[in-house]
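Before any comments, here is the structure.
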Amino acid sequence: MVEYQLLRAHSLEEVLEILAEKKKVQILAGGTDLLVDLHQQDPKFENIDYLLDITDVAELKGIKLGPEEGEIGALTTHAELLSSPEIKEKLPFIGAAASSIGSTQIRNRATIGGNLVNAAACADSFSPLIALGAELVLRNKGGARRVLLEDFVEWPNQTVLKDNEVLEKIVFKMPQGEYYSSYQKIGRRNAVSISRLSLTLLAEVENEAIKNVQVVSGAATPAPVPFREVNKYLTAKTFAEIDPAEAGEIAADEMVGITGERWSTPYKRPALSKLVERAVKDLLEEAGYNG
Ligand SMILES: Cc1cc2nc3c(=O)[nH]c(=O)nc-3n(C[C@H](O)[C@H](O)[C@H](O)COP(=O)(O)OP(=O)(O)OC[C@H]3O[C@@H](n4cnc5c(N)ncnc54)[C@H](O)[C@@H]3O)c2cc1C
1 MVEYQLLRAH SLEEVLEILA EKKKVQILAG GTDLLVDLHQ QDPKFENIDY LLDITDVAEL
61 KGIKLGPEEG EIGALTTHAE LLSSPEIKEK LPFIGAAASS IGSTQIRNRA TIGGNLVNAA
121 ACADSFSPLI ALGAELVLRN KGGARRVLLE DFVEWPNQTV LKDNEVLEKI VFKMPQGEYY
181 SSYQKIGRRN AVSISRLSLT LLAEVENEAI KNVQVVSGAA TPAPVPFREV NKYLTAKTFA
241 EIDPAEAGEI AADEMVGITG ERWSTPYKRP ALSKLVERAV KDLLEEAGYN G
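Letter by letter, the sequence shown follows residues 1 to 291 of UniProt numbering.
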């Protein structure tokens, strides 16, 4: 059985002091990943001496969306994201991802920071935030560093976060001008379902053409990545030049190029292709293009 001492921090300064002074500290946020792993005696957590409960730390909470830049505190829960009117209005794909996570009970406790640091291949917060080009602010007692979210995960459940660091917040530039977004998720069932595949598409459009686009999938590759080939295919094309089915095929080829042929490829290849095709069709339709 894993034995540990429970510590509780009430400010960010206190978190940083504890992380600087003590070794073998594991941060506890909502606990919906960590407590399950501890209960199952995951060998990864054999060496913990302390659990550091950060749930009272106000500096790690909240959503701020300005005209140019936005930030989301690491302790913001999925329930807070999906019920935020600002998120609904300005970044609906973030709210859609949050609403697809677990159940009401899970969403009320589970935090966006915990989802990112746990870094499961199927975690639902990655694709919308990578599409935004988000960066993570990782802080220790000596100061903070920023890491691009797409560079944060080295392998499933393994990130570049250091032992003495806390994830403070997620920062990003707000999409500008006319933009369209979609978030889709396929699970084994409709409720409390872990993603088998998810997809975010975020596109800035101008004069019936795509100016800028990010297509990012979750659970398709070991670590979530933007699909650069399909982004290249869609960028700077007029709506009339875009073939949604071709975009889907390009993304599927790119996924298999990263993962190689696996047992899940016969399912994931056509499924990803269709998700991308549907997202592109929806964008064209929403933008009022009728072919
Ligand atoms: C029934 C069930 C259903 C679920 N469904 C989904 C789903 O549909 N989609 C999905 O993506 N996930 C799902 N999850 C997984 C989980 O709920 C999420 O990953 C959740 O967001 C984790 O957040 P948390 O606050 O509970 O993290 P915790 O369990 O507290 O922590 C997770 C990890 O992150 C670290 N950590 C947390 N916060 C910080 C911080 N600020 N700085 C540094 N390290 C930190 C912890 O030390 C730990 O290693 C589900 C879980 C359960 C039990």
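From the three backbone atoms N, C-alpha and C, an ideal C-beta is built for every residue, glycine too.
- When DSSP states are grouped into helix, strand and coil, Lys23 belongs to the coil group.
- Under the DSSP assignment, Phe93 falls in the alpha helix (DSSP H) whose first and last residues are Pro92 to Ser99.
- Looking only at Ile106, Phe152 and Thr265, the smallest Cα-Cα distance to Val36 is reached by Ile106.
- Short note on Gln41: C-beta not closer than 7 Å to any heavy atom of ligand 1.
- Ser182 counts as buried, since at least 16 other C-beta atoms from the protein chains shown sit within 10 angstroms of its C-beta.
- The closest CA to that of Val230, considering only Gly62, Ala245 and Gln26, is found on Ala245.
- If you look at Gln214, you'll find it in the beta strand (DSSP E) that goes Ala209 to Gly218.
- At a Cβ-Cβ threshold of 8 Å, Leu272 and Ser217 count as neighbours.
- Secondary structure at Ile54: coil, using DSSP grouped into helix, strand and coil.
- DSSP lists no beta-bridge partner residue for Arg228.
- By the Cβ criterion, the region 112 to 122 is in contact with the region 152 to 163, since at least three pairs of Cβ atoms, one from each stretch, lie closer than 8 Å.
- Just measuring C-alpha positions, the residue of Glu21, Gly114 and Lys169 sitting nearest Ala144 is Lys169.
- For Val36, the CB falls within less than 7 Å of some heavy atom of ligand 1.
- Shown here, Phe239 sits in a helix according to DSSP, grouped into three states.
- Straight-line spacing of the CA atoms in Ala98 and Leu129 works out to 11 Å.
- Taking 8 Å as the cut-off, the beta carbon of Ile27 is found no closer than this to the beta carbon of His78.
- In its chain, beyond the 5 residues on either side, Glu135, Leu136, Leu138 and Val160 have a beta carbon closer than 8 Å to the beta carbon of Val147.
- Burial is judged here by how many other beta carbons sit within 10 angstroms of a residue's own beta carbon; Asn47 has fewer than 16 and is exposed.
- The C-alpha of Thr259 lies about 43 Å from the C-alpha of His10.
- In this structure, the straight-line span from the alpha carbon of Glu286 to that of Glu206 is close to 13 Å.
- A distance below 8 Å separates the beta carbons of Phe126 and Leu149.
- Boundaries for Gly113: no beta strand (DSSP E) harbours it, while the alpha helix (DSSP H) harbouring it runs Ile112 to Asn118, taken from the DSSP string.
- The Cβ atoms of Met174 and Glu277 lie no closer than 8 Å to each other.
- Comparing C-alpha distances from Val15 to each of Ala252, Val166, Gly66 and Val225 shows the shortest one belongs to Val166.
- Taking 8 Å as the upper bound for CB-CB distance, Leu202 and Gln184 are not in contact here, some 13 Å apart.
- With a cutoff of 7 Å, Gly114 counts as near ligand 1, since its C-beta is closer than that to a heavy atom of the ligand.
- When the beta-carbon positions are compared, Glu204 and Gly177 come within less than 8 Å of each other.
- By the neighbour-count definition (other C-beta atoms within 10 Å, threshold 16), Glu254 is a buried residue.
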